[in-house]
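Residue numbers (our numbering): 42 to 127.
This is the structure:
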């Protein structure tokens, strides 16, 4: 196996491992958001995004990350055999 292919395989493995690592953090975030309650703040004070909005954002991130992983799996052979270009 050539050095370029080995490097491409390592990069692909790093990509998939990174996606998996981020995915593992969703469960604690779900639990944290579920414990939050909406507490409107007076004008001029610090505000926190309402839990419903955070859950919508998290769901969107989950969908986008799943789509990214699906694309990586779809192109796995190509990503593992070719040199990556930036």
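Quick reminder that beta carbons are idealized off the backbone N, C-alpha and C, glycines included.
Source: prediction; values computed, not measured.
Per-residue DSSP class, three states only, for residue 59: The residue labelled residue 59 in the question sits at position 18 within the chain shown. It is helical.
What does a CB cutoff of less than 6 Å around residue 110 pick up in its chain, not counting 5 residues either side in sequence? Residue mapping note: residue 110 aligns to position 69 of the chain shown, counting from 1. Contacts found: 60.
Three-state secondary structure (DSSP) of residue 96: In the chain shown, the residue the question calls residue 96 occupies position 55. Correct three-state label for residue 96: helix.
With a cut-off of 8 Å on the beta carbons, I'd call residue 53 and residue 120 a contact; round off their distance for me. Looking up residue 53 in the chain shown gives position 12. Looking up residue 120 in the chain shown gives position 79. Sure, about 5 Å apart at Cβ, within 8 Å.
Where does the unbroken alpha helix (DSSP H) through residue 82 begin, and where does it stop? Reading the chain shown from its first residue, position 41 is the one you call residue 82. Residue 82 -> no alpha helix (DSSP H), and no H or E assigned at all.
Are there 16 or more other CB atoms within 10 angstroms of the CB of residue 108, so buried, or fewer, so exposed? Against the chain shown, residue 108 aligns to sequence position 67. Residue 108 should be labelled exposed.
What span of residues does the alpha helix (DSSP H) with residue 123 cover, start to end? Residue 123 sits at position 82 when you count from the first residue of the chain shown. Residue 123 -> no alpha helix (DSSP H), and no H or E assigned at all.
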